[in-house]
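Reminder that position 54 of the sequence shown reads as 54 in the UniProt record's numbering, one-by-one numbering, no gaps. We put the CB at the ideal spot given by N, CA and C, even for glycine. Nothing here was measured: the structure is a model prediction, and the numbers come from that model.
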Amino acid sequence: MACSNKTCQNQSNDQAPVNKLGECRSCHDARMSAIGSNLIQLPHRVIEWFRQAEQNYGKNCFYSMDLQKIILEKNAGKLQELGLGGMDFKARIKLANNGKTDGFLATSKDFALMANERPSVAIRAFINGQLTVCECECMIKAVFFNSLCDLVGEDVFDIVFANLRIATGGGVEDAFIDQQRIKISESDCNAGDWTFVAHTTESALQFRELAEKKKTGGSASGWNVICVSGGGALQNTYLGFGLSGGNAAPKTLQQIKSAMIQECGGDPNSRGWDLYLHFRRRLNANRFLQWVRNELQII
Numbered sequence: 001m002a003c004s005n006k007t008c009q010n011q012s013n014d015q016a017p018v019n020k021l022g023e024c025r026s027c028h029d030a031r032m033s034a035i036g037s038n039l040i041q042l043p044h045r046v047i048e049w050f051r052q053a054e055q056n057y058g059k060n061c062f063y064s065m066d067l068q069k070i071i072l073e074k075n076a077g078k079l080q081e082l083g084l085g086g087m088d089f090k091a092r093i094k095l096a097n098n099g100k101t102d103g104f105l106a107t108s109k110d111f112a113l114m115a116n117e118r119p120s121v122a123i124r125a126f127i128n129g130q131l132t133v134c135e136c137e138c139m140i141k142a143v144f145f146n147s148l149c150d151l152v153g154e155d156v157f158d159i160v161f162a163n164l165r166i167a168t169g170g171g172v173e174d175a176f177i178d179q180q181r182i183k184i185s186e187s188d189c190n191a192g193d194w195t196f197v198a199h200t201t202e203s204a205l206q207f208r209e210l211a212e213k214k215k216t217g218g219s220a221s222g223w224n225v226i227c228v229s230g231g232g233a234l235q236n237t238y239l240g241f242g243l244s245g246g247n248a249a250p251k252t253l254q255q256i257k258s259a260m261i262q263e264c265g266g267d268p269n270s271r272g273w274d275l276y277l278h279f280r281r282r283l284n285a286n287r288f289l290q291w292v293r294n295e296l297q298i299i
């Protein structure tokens, strides 16, 4: 059987394919080498995809409470644009609470790829589709998967992520994402790293009381963010889903604190508001390559 790669140098040889693309050993090895070289671009791709997601915030990408506001305002034009024009009020609210994105079945804002959907098409639609309703963790995961799709190619992505699921908590990404699970400093974060901005215990209690009093959404209790630029304390900047209000302008940790407090009606200059970086996640390139190799090869 000839190699499926039309540019293969060994087309005349009868070689059994070694991967699910139908490639021979030499072409498979060359592909894996190219993917390994491409991974150096991951931080840049992550930042660019997150800028795209943030630019789409309020247009086609929303938190539940954002979409609920549009529904309650009965903005007929916007509802029609989002594909909700034919739904009744209860159905719209249920969708807003449950989550939504093209190509995935949503259950309590966890997203499982629908049957017969191409993973590469569905993951693009998560950010650039008609309507996505999710939380910040799932949006960051969608950003990472879009970035990986760029670097491995759609043909490989469709095979190795054939059962793609984007959910809060653990997922397939645990196989190749390293996580530092303790409090970290800003100097520990590099561009492209995923971290979580959290309140200290005292600050969390203060926030919860204010959020309950003002009846605001819980998204400001903490934020999954991507480090956009390093430099250490007071110099790092970050992007988080909805954090910039849709203009994709990165914020310092101090600016994030102000945004979180103001969202629930508090005074950023009052005492007791303390934030820290709760963890750091980044791709383990060696484990990812091994994982792709295992998923791609014919056993």
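- Within a 10 Å sphere around the beta-carbon of Met114 sit fewer than 16 other beta-carbons, which makes this residue exposed.
- Apart from sequence neighbours up to five positions away, the residues of its chain that approach Ser64 with a beta-carbon distance below 7 Å are Ala96, Asn97, Val133, ordered along the chain.
- A residue is called buried once 16 or more other Cβ atoms fall within 10 Å of its Cβ, and Asp88, having fewer, is exposed.
- For the 7 Å CB-CB criterion, Ile140 and Val197 do not form a contact.
- Per DSSP, Gln297 lies in no beta strand (DSSP E) segment and is marked neither H nor E.
- Cβ atoms of Val121 and Ala53 stay farther apart than 8 Å, at about 17 Å.
- Within the DSSP secondary-structure output, Phe111 pairs in a beta bridge with Ala106, Ile166.
- If you draw a straight line from the Cα of Gln297 to the Cα of Ser26, it comes to about 13 Å.
- Two segments are said to touch when three or more pairs of C-beta atoms, one from each, lie closer than 8 Å; by this definition the segment 33-41 does not touch the segment 7-21.
- If one requires a minimum length of 3 residues, the beta strand (DSSP E) runs lying completely within the segment 118-200 are 177-180, 194-199, in chain order.
- As DSSP reads the structure, Ile47 sits in no beta bridge.
- Straight across, the Cα-Cα distance linking His199 with Glu135 is about 18 Å.
- Under the DSSP assignment, Leu95 falls in the alpha helix (DSSP H) whose first and last residues are 89-98.
- Listed in chain order, the non-local C-beta contacts of Val152 below 8 Å within the same chain comprise Ile35, Asn38, Val160, Val292, local neighbours out to five positions each way being set aside.
- Under the three-state reduction of DSSP, Lys78 is assigned to helix.
- Taking Asp155 as reference, the option from His28, Ser258, Arg287, Ala285 with the minimal CA-CA separation is His28.
- Judged by beta-carbon spacing, Gly240 lies beyond the 7 Å limit of Ala191, meaning their Cβ atoms are not closer than that value.
- Judged by beta-carbon spacing, Gly99 lies beyond the 7 Å limit of Gln130, meaning their Cβ atoms are not closer than that value.
- Of the residues Ser4, Ser147, Cys138, Ile166, the one whose Cα lies closest to the Cα of Gly22 is Ser4.
- Assigned with DSSP and collapsed to three states, Gly246 falls in coil, not helix or strand.
- The distance from the Cβ of Gln55 to that of Gly246 is about 6 Å, consistent with a contact at the 8 Å cut-off.
- Separation of Leu164 and Gln235 (C-alpha to C-alpha, rounded to the nearest whole angstrom) is 36 Å.
- Asn10 sits in coil when the DSSP states are folded into three classes, being neither helix nor strand.
- According to DSSP, residue pairing for Trp223 in a beta bridge involves Val197.
- Tyr238 is bridged by DSSP to Cys227, Lys251.
- Residue environment analysis places Gly103 among the buried positions, since at least 16 neighbouring C-beta atoms fall within 10 angstroms of its C-beta.
- If you draw a 10 Å sphere on the C-beta of Gly265, you find fewer than 16 other C-beta atoms in it, and that means exposed.
- Just so you know, the alpha carbons of His44 and Leu67 end up roughly 30 Å apart.
- DSSP lists Ala198 as the bridge partner or partners of Tyr276.
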